[in-house]
Structures are given as structure tokens and as C-alpha cells.
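Chains as they are written, first to last, in the numbering used here: chain L, 1 to 610; chain B, 611 to 720.
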């Protein structure tokens, strides 16, 4: 199960995964990595529109469309009202110390209004990205690393975790966005240095000073503004267009127009009558505010500009030429901007998630330390291996399976723990043998012996066996990797592949034999005990097939064993039917529920053993 | 005999490769023990086939399906399909070697 990384952004969110040794963002149907962090609640249904679909119809459904809700994560109503003035949607009526709620329209399930928290809105976005990852991986993702601004306080971090849980994900870790960006550029490979990460997103600005020591990042200082970003550039443009006094749907349309102009001005000098110079004049004070934060962060870290070895640009707003220029000038360095600034954080999150999986494609040297190097299993009837823990499972891990007895009245089972990928236990490495004694005296197939394998963080395997009715228990500890080096592990894996065909044939033959033995034993017992129920000539017919089957069981070909087993099963069917009817009738006449169930147990249970 | 792949499965796989931005990756299918009916199928998209895999290509090499040799013993003749119905959406194995399948279709016996 691959782990995934999610950048839950103010304006856009992304999901990325390490595949084939490289982190990549997963694209939507339109081929875009960016999913707008927008959720639109549709009247009359519980399921909202998410992402682009929500944004496209935002202008006509302004109140029902939530955007930039990350700003309200972990906030209460009082804090929210302070910044809510120019929102295209509305806050709900609630006391100041309550968690923020938005009023998005009529409740589809009742009379009142539908109120949504930023956590719920975030969960919808997370869920959509999670589903995309599940599609692309052909499997449910393992764990998720979600990034948060370094600036987030405890309440905001907790709200982010809650959103993940609400979306049904296993949140492995929250990762600071600047650290994720540094990881994406592989800066940890430089081992030493001081780096600044300048992150100007849609709604938040973060500057972080990271110190790298022996490949580990430490945040020396952070500064920034949780309410400054590209959205503010858009608002400046709305003012510039003379639409500053609009609200609701009109404001939404004005913002859409502003965003288009902003994008155009990245590569051209003029768009819709707005020159780049005029735009830069408008936003210069905002960029200067970010630079003031940068200086503050340096001061807090007790560093000078000259101490910084590099600066990483993150966030779509760092595409604005003025931003690049001013940041480069401040840090006296050419910024890192080779990776897509929108994707950098998600890529770093995916790389961190991959490392946390213990099966990292990126961190090769960790491989044999943190996973089970060879499968662990137990020998079952006929010397066939039943695997409980598969190779490459990250440790610690556990697994259990229920086994039963093979012979009537069997009071002990031998447990043989083996390691390897071969089908027969004799070809695998024997780890331990122990005995579970004191099983209840029952027909074959009825006792239930639960065998549990637990591998702890140090790689120690504990095997325990418990009989479920009497709770008889036995256990043993082994160290599976003891005395095994990489070359031997490799050899065992190669043997398993080289012998695959013969191993599988052998296993199927043994399984067919075991099944045949059980049928023969059951039939013999029935012939002995219930001979009076046989019709004329039936015994001869049954014994005839049985003799042939027993002869086939001595051979090396599984086909006749399977065919004759089936034939024996068919030829004895009327006889078995009569036995069940006889036992049931006897029991019912006695009106004894216990006897009925015992009768069923006796006839059905004994023929069902596997 | 070999492994076959339906038009719907090809289309889905190409779509997934596009979403993953991994145009060169291959579909790796196989069989392992477990599941409600004894053996179960697995499916993964990986960078390249393993050294000893059996490899099948379709659509002039645009689609590659890899099977390890052990699984191939159970999958010879299988057609890989993709179904999108109200009940389930996903890849489906139409395996002539499978004796009984469990109702979810994820596992089978020979």
C-alpha cells in the first residue's frame, strides 16, 4: 500500500505519489494537477460539487460556494468575523467562541439552514484527492502526509488532522510546507546549509529559515502572514478595474477576470488595459510586506542575508516576475525555481510519505531493516506452507489465521514455523517447532486453533496458538533474520522463482491428496457405522471408486485424484443424504435441540473438514 | 495461450497512465494465496517488468502487461477487462482456469 502526500492549499490542493522512484502529481480528468479548494453545496442533495466543478458555477451560486476556507481552519466566529468582510459567501449566526460555520443555503434534510465548517469543506476536498489516488494506484492508499503552513498553530493543525479523519484517511503526519519544499528539491542531500523557503500561495505567506545538519532539517525561524497571498493581488486588480464595491456573484465574476489578467501579466506587458507596470505598482507594497517578514525571520534566526545558501520559491504567486526579482535581490541569490512552484509542496509531501512507508523506493538502504525480508508461515497438512505474513510487509506487523484438526479426537497439534517463498515447507527455512497440547476431544475439523504471528519493531517474531473453546495456549519467540545475510535472502527468492512451476504442481498434488484422504476417511467411517443404510450394490460401487482413488493417490498426477475424489463424493451423495435424514429424524423425535445440533455437527462437521 | 486485454481495459489503463504522468509504466498482474476462495488476483502499475516476468504488449507497444512466471500458471488464457457498472467499477479477470470464483470476483480456486 503506497502512501500519498497531499498539499491542502488555500486556493488549490494537490495529491502526489512516489511511483517508479519519482514523486509525481496525479492529474484530474482535464489533465490538471491543481484541484481548486472549492466546495459547492447543491440544493436538495447531500453530495457537493468539488474542485473545478464547484468553481465553474460559483458566480451564480456565490453563497453556496466555499473557497479559501483554509483561512478559517481552527478559528472561532470572532476571529472569522474580523476577516470575513469581503467574502462572497456568508458566516452562519453563532456565538463568538464557537467554531466557524458558513451558511450555505437550505438544509436538504430538514427545514433549517445548512451550516458547514471549514473542516467539513476541507474533508470533501481531501476525499476527492484520496479517491483519485486510489484510482491511480489500483488500491486504497496506505497513509497520508498532509502539509500545513509552518505558521499554523495547534488549533489549526488539529483542525487539519480532523479533516483528514473525517475524509476517512489515515493521517500519518502533518508536514510543514517549507520542509516539504526543501525535500522536493533534494536539499537534504547537501547535508549542511541554511535555506530560506519563500512561499507565497493564494491566501497565505510563509517565510521559513531552515538549517540542514547531517541531512536533517530544523526550522530556525518562521514568519509570515496567514492572510496575505495571491488573492490579495486579485483584489488589487479588482480595485484597479474599478469594481471594488461589488459583492456576491458580481464580485466573483470580477475576481475571475482579475485572475485572468494576473496570469496574462506573467508573460506579457499588458492585459485588458492593465499594464504590468501598473500591476506591479499596485502589488509592490504587498511584496514589500513579505520582504519585511523575511528580514524578521532572519533576525529571529540570528542570521545575516549572507548566511543563507539558497532560497526556494513555492506557491503559484511566485510566478509573478516582480516577486522573483525582489526575493532574489533580498537574498542576493538566484532562487530555486526549477520545479513547478504549485507542485513543490505536494511532491515533497509524497517523498516524505514514501519514506514513512518503510518500503521506500527513494531510501534504498532502509529496505531490509524495516520490512520482513522473507515471508513467514506455518506448515499445514501434507507439508504445504500457509503464509501469514508476506515478504516486504513493514514491521511491526501482525497476522492470524484459524486452523483445525485433521483426525477425530486429535488432542495436540505440531506447529512448524517456516520462512521463505517456496510452496513446500521442506524447501523453506525452518524457524521453530512447538506443540499445542490439551485440545478438546472433538471430531476432525471442529477445534479452532487460532495461530497469530507478531513481528515487533526489532524484527522478533512471536508465534502463539490458542484453541478457541478451551483457550489452551502455547507460544514461542524467534528471530527470523538471525544468521541470514542479504545474499542468502536473494538466493532464497531466486530459488522460489526457479522452482515455481514444480512447486505449484507439487502443492496442488498434495492438496488434492489431503482432500482425498479426508473424503476416504469420512466414507470409511460412515460405511462402518451406518452400513445398514446402504442400498443393494451401493457398498460395492463406493468401494470400487475408493480403491481406484487410493491407487491414484499413490501416483504423481493430481488430475485422477481430483476426478476420483469428485466421483467418490457423487457416488456417496445419496448415502450421505440418508445419514443426515436419519440423524435429524432421530433427534427431532426426541425434541432435543442439543441433540439436533449435535447430529448436524456429527454428519455435516465431519464431511466438511478441509 | 497468453494474456489478453479488452478494449475497455486498454482505455482505462491508458487513462490512468495519463493521470499518473507515467506513460512508460506497465500493468503487472498476478495471483497470490488468500481471499475468500483460496487464491486472489492482484493488479499494480509499475515502472517496468521484473527480470523473469512474462511480458505481453498490445497496441503497438503502448500497453504492456507483465505477469510473474508463478502467477502465469494460474492466469494463462485470462482476459483482463474493465467494467463500470452500478455494482462495481474496476478491472476484472476472465480466467478460463478458474474453477469456482467467490461472489466478489476477487478470488478463485483452480
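The beta-carbon is built from N, C-alpha and C at its ideal position, and this holds for glycine as well.
Margin query: Excluding the 5 residues flanking residue 527 of chain L on each side, which residues of the same chain have their C-beta closer than 6 Å to its C-beta?
Written below: none
Notebook entry, point to check: Would you report the Cα separation of residue 250 of chain L and residue 65 of chain L, rounded to the nearest angstrom?
Noted result: 14 Å
Checklist line | Beta-carbon proximity check, residue 423 of chain L vs residue 490 of chain L, cutoff 9 Å | finding: no
Note to self: Can you look up residue 649 of chain L in the DSSP assignment and give me helix, strand or coil?
What the structure shows: This structure cannot settle anything about residue 649 of chain L, because the visible part of chain L is limited to 1 through 610.
Notebook entry, point to check: At which residues does the alpha helix (DSSP H) containing residue 523 of chain L begin and terminate?
Noted result: 500–529
Check: Which first and last residues belong to the beta strand (DSSP E) in which residue 135 of chain L is found?
Finding: Not the beta strand (DSSP E): residue 135 of chain L falls in the alpha helix (DSSP H), residues 118–137.
Item checked: Proximal chain B residues relative to residue 383 of chain L, where beta-carbon distance stays under 7 Å -> Chain B residues near residue 383 of chain L: none, gap ~16 Å exceeds 7 Å.
Check: Per DSSP, residue 450 of chain L is paired with what?
Finding: L:402 and L:466
Margin query: Please report the straight-line C-alpha distance between residue 498 of chain L and residue 35 of chain L, rounded to a whole angstrom.
Written below: 47 Å
Next item on the list: Give, in chain order, every unbroken run of the alpha helix (DSSP H) that is at least 4 residues long and sits entirely within the stretch 260–324 of chain L.
Entry: 276–300
Check: Would you say residue 693 of chain B faces chain L, with C-beta separation under 9 Å as the test?
Finding: no
Notebook entry, point to check: Rounded to a whole number of angstroms, what is the C-alpha to C-alpha distance between residue 369 of chain L and residue 393 of chain L?
Noted result: Confidence is the limiting factor: at residue 369 of chain L the pLDDT is only 38, short of 50, which leaves the residue's position unreliable and the question unanswerable from this model.
Check: When we look at the beta-carbon of residue 437 of chain L and count the other beta-carbons within 10 Å, is it buried (16 or more) or exposed?
Finding: exposed
Checklist line | Residue ranges of each beta strand (DSSP E) within the stretch 200–255 of chain L, 3 or longer | finding: 205–213 and 216–225
Notebook entry, point to check: Buried or exposed: where does residue 1 of chain L fall if 16 or more other Cβ atoms within 10 Å of its Cβ makes it buried?
Noted result: exposed
Item checked: residue 657 of chain B: contacting residues in chain L (beta-carbon distance under 8 Å) -> 19, 20 and 21
Margin query: By DSSP's criteria, residue 19 of chain L is part of a beta bridge. Which residues make up the other side?
Written below: L:22
Margin query: Does residue 93 of chain L pass the burial test, meaning 16 or more other C-beta atoms within 10 Å, or should it be called exposed?
Written below: exposed
Item checked: Own chain residues within Cβ distance below 6 Å of residue 427 of chain L, not counting five before or after -> none
Checklist line | Which of helix, strand or coil DSSP assigns to residue 11 of chain L | finding: coil
Margin query: Please list, in chain order, the chain B residues whose beta carbon lies closer than 8 Å to that of residue 24 of chain L.
Written below: 630, 631 and 632
Check: In chain order, which continuous runs of the alpha helix (DSSP H) of length 4 or greater are located wholly inside the stretch 30–89 of chain L?
Finding: 52–56 and 77–83
Checklist line | C-beta neighbour in chain L for residue 698 of chain B, strict 9 Å | finding: no
Checklist line | For residue 439 of chain L, three-class secondary structure by DSSP | finding: coil
Note to self: Between residue 701 of chain B and chain L, is any beta-carbon pair separated by less than 9 Å?
What the structure shows: yes
Check: Taking Cβ to Cβ, would you say residue 119 of chain L is nearer than 9 Å to residue 351 of chain L?
Finding: no
Note to self: Just to check my reading of the structure: residue 420 of chain L and residue 374 of chain L have Cβ atoms closer than 8 Å, yes? What is that Cβ distance to the nearest angstrom?
What the structure shows: 5 Å
Notebook entry, point to check: Where residue 167 of chain L and residue 50 of chain L are concerned, what is the direct C-alpha to C-alpha distance, given to the nearest angstrom?
Noted result: 13 Å
Next item on the list: Tell whether a beta-carbon distance below 9 Å holds between residue 203 of chain L and residue 290 of chain L.
Entry: no
Next item on the list: Could you list which residues in chain B have their beta carbon closer than 8 Å to that of residue 125 of chain L, in chain order?
Entry: Those within 8 Å of residue 125 of chain L in chain B number zero; the least Cβ separation is about 17 Å.
Next item on the list: Rounded to whole angstroms, what's the CA-CA distance from residue 365 of chain L to residue 355 of chain L? Just pull it up for me.
Entry: Here residue 365 of chain L scores only 36 on pLDDT, less than 50, and its place in the model should not be relied on; the value that follows carries that caveat. If you take the alpha carbons of residue 365 of chain L and residue 355 of chain L, they lie about 11 Å apart.
Checklist line | Proximity to residue 677 of chain B [Cα-Cα], best of B:670, B:698, B:700 and B:642 | finding: B:642
Item checked: Inter-residue Cα distance where the pair is residue 321 of chain L and residue 303 of chain L -> 27 Å
Check: With distances taken between CB atoms, is the gap from residue 201 of chain L to residue 229 of chain L smaller than 9 Å?
Finding: yes
Check: Are the Cβ atoms of residue 96 of chain L and residue 155 of chain L separated by less than 9 Å?
Finding: no
Checklist line | 7 Å Cβ shell around residue 550 of chain L - same chain, five flanking residues per side excluded | finding: 520
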